[in-house]
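Protein chains: 2
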Amino acid sequence: MVTRLSDVAARAGVSVKTVSNVINDYPHITSQTRAKVQAAIEELDYRPNVSARSLRKGRSDFIALAIPEMASPYFAELGAAISRAAKKRGITVLIDQTEGEAAAEKLVLDGMRGQLIDGIIFSPITTSPARIGETETAKPIVLLGERDAGGRLDRVAVDSVQASYDATTHLISLGRRRIAAIGVGGGAGTGSVRRRGYRKALKAAGIAHDPALELAGTGYHREDGAASMRELLALPEPPDAVFCFNDLLALGALRTLADAGLSVPDDVAVVGFDDIEDGRYHSPSLTTIAPDMEWLADHAVELLLDRIAGNGEAARRDLTVPHTLTIRESTSS
Amino acid sequence: MVTRLSDVAARAGVSVKTVSNVINDYPHITSQTRAKVQAAIEELDYRPNVSARSLRKGRSDFIALAIPEMASPYFAELGAAISRAAKKRGITVLIDQTEGEAAAEKLVLDGMRGQLIDGIIFSPITTSPARIGETETAKPIVLLGERDAGGRLDRVAVDSVQASYDATTHLISLGRRRIAAIGVGGGAGTGSVRRRGYRKALKAAGIAHDPALELAGTGYHREDGAASMRELLALPEPPDAVFCFNDLLALGALRTLADAGLSVPDDVAVVGFDDIEDGRYHSPSLTTIAPDMEWLADHAVELLLDRIAGNGEAARRDLTVPHTLTIRESTSS
């Protein structure tokens, strides 16, 4: 029969909580109580749980993932993938939603210090990555996303310029010439980096970019895509194709096109970015840039665990997530 | 000028990490080092961060939310809502994805003990809530979902029987008579509880339930809904309406109906459950049961904080989340 915490508590004549506190080395326990509990543990040959053993080896085997938005399918799928990648390695991931607020992002970097986590995978929106290196956090950090931290932190990111170039070039290859872009004002550098790839593709095809076709929107959600698409349809010369800087924007744009009675892709072809599940099941299904999410998750976790293992002095690594253009009904009928 | 951790470290002649360890009361610090750091803190009037202050008051102001699946939009939106509700009260939520595995759910209940969290909001799939009360966790727990814990834990849940009754009755009111149900095999009691409401509505309308129209599927995802709908369309007498036990199943079913060239709602009317954002933007938009997510989040956090505040002896509370039937294009043309 397995000895339980409650058996230890009974033998030591203390509460289960006190035994737990001793095992977890919490402060404010008298040495007398500690000795009593430790004697009971030895007498009963009690084997403490994983987290207690982890504490003894100086690690908790918990890591944190800080993302701006849980309810955004891309981040939800990212969180799931990173949880799975970590679990394969015996690590549990705790996810913190910062909502991209500076205060919450600061709490991740500062306040997490109090948590028994070994390191942080951080997808910042508000906090400039260049400033993360300046914080006093004692935890290893791996950065996700468009901006780097001036060479101070490991980072895993898609080549957004190349991916946006690929998406736009696909629309050009279909014979489209008035190609709009939705999301050029996106946070964390996303908007400007993806616009660079979009303009580069237009330029390579000899098409002048038209500022009237570049919409910033107010966010990266379905409602923003729907509103931007309405603006585009109201133009004297509406677009014949739209590259949306994420799938949610594209799904919102598709809804506006359906409401307007327009045909996709015949009237307007649509490409997204992220390859969330929603786009795969949508009618029409969504052509999109598909980053290799498993690759991203595996490498982000691997980099972090390597730092946690003590390779803190190794050179900073910047990994590029492979991506593919996945062609579906929204650009091919 | 604000005193920084690095100033304290410089004054005490130790590393920033050592200062952090002292503030966080980590073990394995000599009393000499501790004294040096504490003297430096006093001389410089250093104000430790939130988490260090929390430790002194015996709370971390972090709570955990354990959900089966991050990438499922319902749980993603739930996580976001609970994070927001907690933040309003100065609490940070860490989210753990259990994937409904017994081992991971046990880790939540046991292993979380090592984390500096004040309590847990738990949405179990595999672990029987009746057994949660038996675990040795010292943390307060609030349960979400269909099954209760034999009266031992606070719980917040939708009245799934009533909600399913409402959804089915809506389809009956449209004149539909061959009403299928998808998801009757769902985990954590969801499938059986929602089927009870579905059958109750059929019975109230004098319609015999037909086991051929009740599909279990293998999960609660889009692919399961799509597969179940294909099975239903292959019946000698296909249904004229489908009640799907969550929105993902409904979105998968809609995809199958589109592929089959059938018209929604004319040929087949579809109702979901959850009111995820995806269903609102889909073409056709999805009629669904909309639980009041903000209410759920506010009350779950409030209940937990009340327990954390020490009201552990108060009677167990079981709160019912208000829901509405939101009628959209998938049942009204």
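Listed in order, the protein sequences are those of chains Z and Y.
Take our numbering: the final residue in the first sequence is number 333, and no numbers are missing along the way.
Take our numbering: the final residue in the second sequence is number 1333, and no numbers are missing along the way.
Quick reminder that beta carbons are idealized off the backbone N, C-alpha and C, glycines included.
Everything numeric in this text was worked out from a predicted model, so none of it was measured.
CB of residue i within 8 Å of CB of residue j, strictly
i, j, result
"Ser228/Z", "Ala253/Z", "yes"
"Pro1068/Y", "Ile1125/Y", "yes"
"Arg1180/Y", "Pro1239/Y", "Checking the sequence shown, residue 1180/Y turns out to be Ala, not Arg. Result yes, Cβ atoms of Ala1180/Y and Pro1239/Y sit closer than 8 Å."
"Ile1121/Y", "Ile1091/Y", "no"
"Ala260/Z", "Leu233/Z", "yes"
"Ala1066/Y", "Met70/Z", "no"
"Val1016/Y", "Ser1031/Y", "no"
"Tyr1281/Y", "Arg255/Z", "yes"
Residues near residue i by beta carbon distance below 6 Å, same chain, minus five either side
i, result
"Ser54/Z", "Note that Ser54/Z scores a pLDDT of 48, beneath 50, so its modelled location is shaky and nothing firm can be said."
"Ser1332/Y", "none"
"His170/Z", "Leu325"
"Ala1216/Y", "Val1184, Gly1185"
"Ser1051/Y", "Confidence at Ser1051/Y is low in this model, with a pLDDT of 45, below 50, so the placement of that residue should be treated as unreliable; the coordinate-derived value is given next. Closer than 6 Å at Cβ, skipping near neighbours: no residue."
"Arg1056/Y", "Legend: pLDDT at Arg1056/Y = 48, less than 50; position of this residue unreliable, no value from coordinates given."
"Tyr1074/Y", "Asp1274, Ile1276"
"Asn1049/Y", "The predicted position of Asn1049/Y is uncertain, since its pLDDT is 49 and thus under 50; no value can be drawn from it."
"Ser123/Z", "Ile67, Leu144, Gly145"
"Ile1308/Y", "Asp1118, Gly1119, Pro1140"
"Asp1159/Y", "Thr1320"
Member of the options whose CA lies at the smallest distance from the CA of residue i
i, options, result
"Ala76/Z", "Ile1063/Y, Gln1097/Y, Ala1086/Y", "Gln1097/Y"
"Leu1094/Y", "Leu1078/Y, Phe1243/Y, Thr1033/Y", "Leu1078/Y"
"Arg1084/Y", "Ala1201/Y, His1323/Y, Ile1063/Y", "Ile1063/Y"
"Ser72/Z", "Ser31/Z, Ala315/Z, Ile276/Z", "Ile276/Z"
"Phe1273/Y", "Trp1295/Y, Thr1190/Y, Leu1202/Y, Lys1203/Y", "Thr1190/Y"
"Gly100/Z", "Glu294/Z, Gly145/Z, Ala81/Z, Ser330/Z", "Gly145/Z"
"Ala1167/Y", "Thr1287/Y, Leu1233/Y, Val1016/Y", "Thr1287/Y"
"Gly1013/Y", "Thr1033/Y, Asn1021/Y, Ile1023/Y, Arg1004/Y", "Thr1033/Y"
"Lys203/Z", "Tyr220/Z, Ser192/Z, His221/Z, Arg177/Z", "Arg177/Z"
"Ser1164/Y", "Val1270/Y, Leu1303/Y, Val1142/Y, Lys1200/Y", "Lys1200/Y"
"Tyr198/Z", "Ala212/Z, His221/Z, Gln162/Z", "Gln162/Z"
"Lys1088/Y", "Glu1329/Y, Ala1010/Y, Glu1294/Y, Glu1214/Y", "Glu1294/Y"
"Leu248/Z", "Val270/Z, Asp266/Z, Leu262/Z", "Val270/Z"
Coarse secondary structure for residue i, derived from DSSP in three states
i, result
"Asp154/Z", "strand"
"Ala180/Z", "strand"
"Thr218/Z", "coil"
"Leu174/Z", "coil"
"Asn1049/Y", "For Asn1049/Y, the predicted structure reports a pLDDT of 49, less than 50, and the residue's modelled location is therefore unreliable. The matter cannot be settled from this model."
"Pro1124/Y", "coil"
"Val264/Z", "coil"
"Val37/Z", "helix"
"Asp274/Z", "coil"
"Asp1159/Y", "coil"
"Thr168/Z", "helix"
"Asp1210/Y", "coil"
"His1299/Y", "helix"
"Ile289/Z", "strand"
"Lys1106/Y", "helix"
"Val242/Z", "strand"
"Asp148/Z", "coil"
"Thr1098/Y", "coil"
"Val1193/Y", "helix"
"Ser54/Z", "Its pLDDT being 48, under 50, Ser54/Z is placed unreliably by the model, and the measurement read from it follows with that caveat. Note: Ser54/Z maps to helix in three-state DSSP."
"Ile117/Z", "coil"
"Leu1235/Y", "coil"
"Val1014/Y", "coil"
"Thr1092/Y", "strand"
"Thr256/Z", "helix"
"Leu44/Z", "coil"
"Asp61/Z", "coil"
"Ile1141/Y", "strand"
Cβ neighbours of residue i in the same chain (closer than 7 Å, five flanking residues each side left out)
i, result
"Leu1257/Y", "Met1229, Val1264, Val1268"
"Asn1021/Y", "Ile1029"
"Ile1041/Y", "Val1008"
is_contact[residue i, chain B] using C-beta, thresh 8 Å
i, result
"Met229/Z", "The displayed structure is made up of protein chains Z and Y, and chain B is not among them."
Neighbourhood of residue i by C-beta, 8 Å cutoff - its chain only, sequence neighbours within 5 removed
i, result
"Ile1207/Y", "Ile1172, Arg1177, Ile1179"
"Ala103/Z", "none"
"Ala1205/Y", "Thr1169, Ile1172"
Is it true that the segment 216-226 of chain Z meets the segment 242-249 of chain Z, where meeting means three or more beta-carbon pairs spaced less than 8 Å apart?
yes
Evaluate contact between the segment 1315-1322 of chain Y and the segment 1286-1306 of chain Y, counting only Cβ atoms and requiring at least three cross-stretch pairs below 8 Å.
yes
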